[in-house]
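Note sheet for the following structure.
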Amino acid sequence: MSDLITSPQNPRIKALLRLQQKSSERRQQGLTIVEGLRELTVARQAGVAVPTVFICPELAGAAQPPSLVAALDKSTEWVTVSKAVFERVAYREGSDGVLALVRPPHRTLPDLRLPSNPLLLVLEAVEKPGNLGAILRTADAAQATAVIVCDPRTDLYNPNAIRSSIGCIFTVPTVATSRPELLAWCKEHGIRTYAAALTDAALPYTTRDFRGPTALVMGTEADGLTPELRQACDETIIIPMRGAIDSLNVSTATAILTFEAVRQRDEMVGL
Numbered sequence: 013m014s015d016l017i018t019s020p021q022n023p024r025i026k027a028l029l030r031l032q033q034k035s036s037e038r039r040q041q042g043l044t045i046v047e048g049l050r051e052l053t054v055a056r057q058a059g060v061a062v063p064t065v066f067i068c069p070e071l072a073g074a075a076q077p078p079s080l081v082a083a084l085d086k087s088t089e090w091v092t093v094s095k096a097v098f099e100r101v102a103y104r105e106g107s108d109g110v111l112a113l114v115r116p117p118h119r120t121l122p123d124l125r126l127p128s129n130p131l132l133l134v135l136e137a138v139e140k141p142g143n144l145g146a147i148l149r150t151a152d153a154a155q156a157t158a159v160i161v162c163d164p165r166t167d168l169y170n171p172n173a174i175r176s177s178i179g180c181i182f183t184v185p186t187v188a189t190s191r192p193e194l195l196a197w198c199k200e201h202g203i204r205t206y207a208a209a210l211t212d213a214a215l216p217y218t219t220r221d222f223r224g225p226t227a228l229v230m231g232t233e234a235d236g237l238t239p240e241l242r243q244a245c246d247e248t249i250i251i252p253m254r255g256a257i258d259s260l261n262v263s264t265a266t267a268i269l270t271f272e273a274v275r276q277r278d279e280m281v282g283l
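FYI, my numbering numbers position 68 of the sequence shown as 80, with every residue one higher than the one before it.
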């Protein structure tokens, strides 16, 4: 355990803030920040390396959290900080006084190990970390094969995305790729693509068959899918709206479609 850091001007705290605020810094160092005992324990149990843990005894308690100590290896450095310093670097309210540097995995499409009947969630140009995090929670809950992000506008390991996912970014294989690479890869692996889009040709999602290898393809909340990706998909589906609005938040829509696919698959095997 290091000496107590009490100044926000400490070089290690300044470096921590740069990592928190700049995606370029995270990419360059191959690090990101995880705040919270629960999220950090999930990351470690998923096999993610944790070089450094910053802990505030006043918030976390005098003893190191036993569950986290058990999950970490002996090479992890523990750094103690004052409450004032921790509150400077914390990015959530009601923090439990634990924050860490982690080395997130970097995956590509060929790295994904596909089962015989994969269920993939594809997001195009996602830009809100909160939406990404919520979709990762859905993917974890449904045991989707992977989340694939085409041409992302946000860092997949943005600390806010990690927080919103409650650590599910580490339990669900997540890949960033381009539209052409995604389409070629899906075709190569016999994966049928379903574009969720508000068009005259779209069919109600409950009428489609998601029991085979499936990719549910979602666009941004503001713009939807690009015409190029929508037209390249095998089918276009819609969640019928019965009220005054014509669309749902992308994370909500993704959850509805995902669990319809799960329902169909469960029925197929008699669950």
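All C-beta atoms, glycine included, are put in the ideal place defined by N, C-alpha and C. Keep in mind it's a predicted model, so treat the numbers as computed, not measured.
* Hey, Tyr296 and Cys245: beta-carbon distance below 8 Å or not? -> Nothing about residue 296 can be read from this structure; the chain reaches only from 13 to 283.
Could you name the residues that DSSP lists as bridge partners for Cys162?
Glu136, Thr189
message = Between Arg204 and chain B, is the shortest Cβ-Cβ distance under 8 Å, so that the two count as touching?
response = Note that chain B does not occur in the displayed structure, where there is just one protein chain.
**Study point:** Proximal residues to Thr18 (C-beta, below 8 Å), its chain only, five neighbours per side dropped
**Key:** Val93, Ser94, Ala96, Val97
With 16 as the cutoff for other CB atoms within 10 Å, does Ser176 come out buried or exposed? Only buried fits Ser176, as 16 or more other CB atoms lie within 10 angstroms of its CB.
Quiz item: For Leu150 versus Leu126, is the C-beta distance shorter than 8 Å?
Solution: Position check: residue 150 holds Thr in this sequence, whereas Leu was assumed. Cβ atoms of Thr150 and Leu126: not closer than 8 Å.
Is the CB-CB distance between Leu215 and Ile250 below 8 Å?
yes
Practice prompt. Take Gly224 and list the residues in its own chain whose beta-carbon comes closer than 7 Å to its own, dropping the five residues that flank it on each side.
Written response: Asn129, Arg204
**OP:** Report yes or no: do the segment 134-153 and the segment 106-119 share at least 3 C-beta pairs separated by less than 8 Å?
**Re:** The segment 134-153, when compared against the segment 106-119, does not touch it at the 8 Å Cβ threshold.
Item to check | Collapsed DSSP secondary structure at Gly142 in the structure displayed | outcome: helix
Rounding to the nearest angstrom, what Cα-Cα distance links Thr264 and Ala188 in this structure? 21 Å
| message | Which of the three DSSP states is assigned to Met253 in this structure? | response | coil
Does the separation of the CB atoms of Gly48 and Asp108 fall below 8 Å?
Here Gly48 is near Asp108, since their CB atoms are less than 8 Å apart.
For His201, which residues of its own chain have a beta-carbon under 8 Å away from its beta-carbon, when the five flanking residues on both sides are left out? Leu126, Pro130, Pro225.
(request) Reducing DSSP to helix, strand and coil, say where Thr266 ends up. (result) helix
Requested in this report: Using DSSP bridges, identify the partner residues of Thr44.
Outcome: Val114
- Task: Express the C-alpha separation of Glu37 and Ala72 in angstroms, rounding to a whole number.
- Result: 28 Å
Query raised in the report: What are the boundary residues of the beta strand (DSSP E) that Glu89 is part of?
Result: 89-92
- Query: By a C-beta neighbour count over all protein chains shown, 10 Å radius and 16 as the cutoff for buried, is Asp15 buried or exposed?
  - Reply: exposed
Next on the checklist: Can you look up Phe222 in the DSSP assignment and give me helix, strand or coil?
Outcome noted: coil
Please state whether the Cβ-Cβ distance between Thr248 and Thr219 is less than 8 Å. Between Thr248 and Thr219, the CB-CB gap reaches or exceeds 8 Å.
Please identify the residue among Asp152, Lys140, Thr64, Ser190 whose C-alpha is closest to the C-alpha of Ala173. For the residues Asp152, Lys140, Thr64, Ser190, the minimum Cα distance to Ala173 belongs to Lys140.
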